[in-house]
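In this note's numbering, the protein residues as written are 267 to 340.
Every residue gets a Cβ at the ideal spot worked out from N, C-alpha and C, and that includes glycine.
Bear in mind that the values here come from a model prediction, so they are computed numbers and not experimental data.
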C-alpha cells in the first residue's frame with residue numbers, strides 16, 4: 267500500500283521498538299485521509315489512529331518544505 271510505512275517503528279516508553287502494523291481498519295483510514303481533506307474520527311482508544319497520524323505528519327514534514335503540522339492527542 268504505502269511503501270514508506272514499512273520504515274515506521276512504534277516505541278512506547280520503556281519498551282522495544284515495534285514495526286508499525288497496518289491493520290485492516292488503518293488501511294481504510296489511510297484511504298479516507300488520502301481522499302478527503304477533512305476527516306472526523308470518533309473512536310475508541312488503542313486502535314492505532316494517533317500513531318497513523320503521527321507517521322503521516324512526519325512524512326509530510328520530511329517531504330514538503332515549509333510544511334506546517336499541528337497534532338493534538340490526549
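Here the alpha carbons of residue 280 and residue 305 stand approximately 32 angstroms from one another. For the pair residue 282 and residue 274, the Cα-to-Cα distance works out to about 13 angstroms.
The Cβ-Cβ distance between residue 335 and residue 321 does not fall below 9 angstroms. A distance below 8 angstroms between beta-carbons, with the five flanking residues on each side excluded, links residue 277 to the following residues of its chain, in chain order: 283, 284. Its Cα nearest to that of residue 309, the residue 292 stands out among 301, 302, 292, 325. Taking the Cα positions, residue 338 is about 24 angstroms away from residue 268. Sixteen is the threshold: when 16 or more other Cβ atoms of the shown chains lie within 10 Å of the Cβ of residue 318, as they do, the residue is buried.
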